[in-house]
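What follows is one structure encoded as structure tokens, with my remarks underneath.
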Amino acid sequence: MSITITWHGHATFSLNIGGTAVVVDPFFAGNNPAAKTAVGAVAADFILQTHGHGDHIADTVPLAKRTGATVVGNFEICNWIAAKGHENNHAMNTGGGWNFPFGRVKMTYALHSSGLPDGSYGGNPGGFVITTEGKHIYIAGDTALFSDMSLIGQMGLDVAILPIGDNFTMGPGDAVEAIKLLKPKVVIPCHYNTWPLIAVDAAAWAKLVSQHTSAQPVVLGVDETYSV
Ligand code: NI
Ligand code: MN
């Protein structure tokens, strides 16, 4: 089964897992200054929602309503989306996993916050590990460095998607420390260069990754795809 990962800028990705479209943190052109793709052009069977901040959820409800996709997120965010008129949600919470048709999804801890754009309580922030066909893909979500990343690393990660932008999440240096704990084969950076506050030289960061870890850094351009 083929797995592809496409970056749409900021923390928005679409994965194609054996023909199933899985969109992470929908934030597309018009809302996302780094994105080129409009939400109307995106296919989704499932939407994975790491937390409630606007730079991750701005396009979730319109994408879910148009496509009928199942939204996977924490309990509070799923209730919020249901109240907006999209009932097809799958609520989870930190540490739990569920076997979806495309693979197993485990919700991981993230060290961040999660308030929703209208001020509603957004539960706890999280990340996801997708396990499918023996591959493990970790999407950290917005997070600081935390030592329990070593436990996530024990799963044997093929790909880790990590924020590197600093200010709101871990920066480039802590992301290198995270890689030492996670030990992924491949690392894809995100949550940088969307705004001046999170400007990062990704090529310089990739050099650090290669110098200090055994992971292969894959720096995607906007709308570029990596095949796992
Ligand atoms: Ni956030
Ligand atoms: Mn964010």
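All residue numbers for the sequence shown refer to the numbering used here, where the first residue is -8 and numbers rise by one. By construction, the Cβ of each residue, glycine as well, lies at the ideal position given by its N, Cα and C atoms. The structure presented is a predicted model; accordingly, all values stated were derived computationally and were not measured.
By Cβ distance, which residues of its chain are closer than 6 Å to residue i, with the 5 residues on each side in sequence left out?
i	result
residue 111	71
residue 79	61
residue 125	none
residue 95	88 and 122
residue 218	-5
Take residue i and list the residues in its own chain whose beta-carbon comes closer than 7 Å to its own, dropping the five residues that flank it on each side.
i	result
residue 19	-1, 3, 26, 28, 29, 30, 33 and 50
residue 67	112, 113 and 114
Could you give the first and the last residue of the continuous alpha helix (DSSP H) run that contains residue i?
i	result
residue 45	45 to 48
residue 201	193 to 203
residue 58	51 to 58
Taking 6 Å as the cut-off, is the C-beta of residue i nearer than that to any heavy atom in ligand 2?
i	result
residue 44	yes
residue 133	yes
Go to residue i, then tell me how far its beta strand (DSSP E) extends in each direction, as first and last residue.
i	result
residue 216	216 to 218
residue 71	Taken as a continuous stretch (DSSP letters only), residue 71 belongs to no beta strand (DSSP E), being part of the alpha helix (DSSP H) at 66 to 74.
residue 179	177 to 181
residue 4	4 to 8
residue -8	Per DSSP, residue -8 belongs to no beta strand (DSSP E) and is neither H nor E.
residue 38	37 to 39
Do you know how far the Cα of residue j is from the Cα of residue i?
i	j	result
residue 144	residue 58	33 Å
residue 1	residue 104	17 Å
residue 60	residue 168	35 Å
residue 64	residue 47	12 Å
residue 101	residue 119	10 Å
residue 188	residue 210	19 Å
residue 77	residue 12	18 Å
residue 216	residue -4	5 Å
residue 181	residue 133	9 Å
residue 128	residue 155	17 Å
residue 149	residue 74	36 Å
residue 17	residue 52	9 Å
residue 86	residue 116	12 Å
residue 45	residue 55	16 Å
residue 152	residue 176	11 Å
residue 197	residue 130	18 Å
residue 40	residue 7	16 Å
residue 268	residue 204	Because the chain here runs from -8 to 219, residue 268 falls outside it and cannot be looked at.
residue 14	residue 121	12 Å
residue 173	residue 141	5 Å
residue 186	residue 24	8 Å
residue 22	residue 213	15 Å
residue 81	residue 93	14 Å
residue 147	residue 37	24 Å
Taking 6 Å as the cut-off, does the CB of residue i come closer than this to any heavy atom belonging to ligand 3?
i	result
residue 209	This structure does not include ligand 3; its bound ligands are ligand 1 and ligand 2.
Jot down the residue ranges of each uninterrupted alpha helix (DSSP H) in the stretch 92 to 171, minimum 4 residues, whole runs only, in chain order. For the stretch 92 to 171, whole alpha helix (DSSP H) runs of length 4 or above, ordered along the chain, are 140 to 144.
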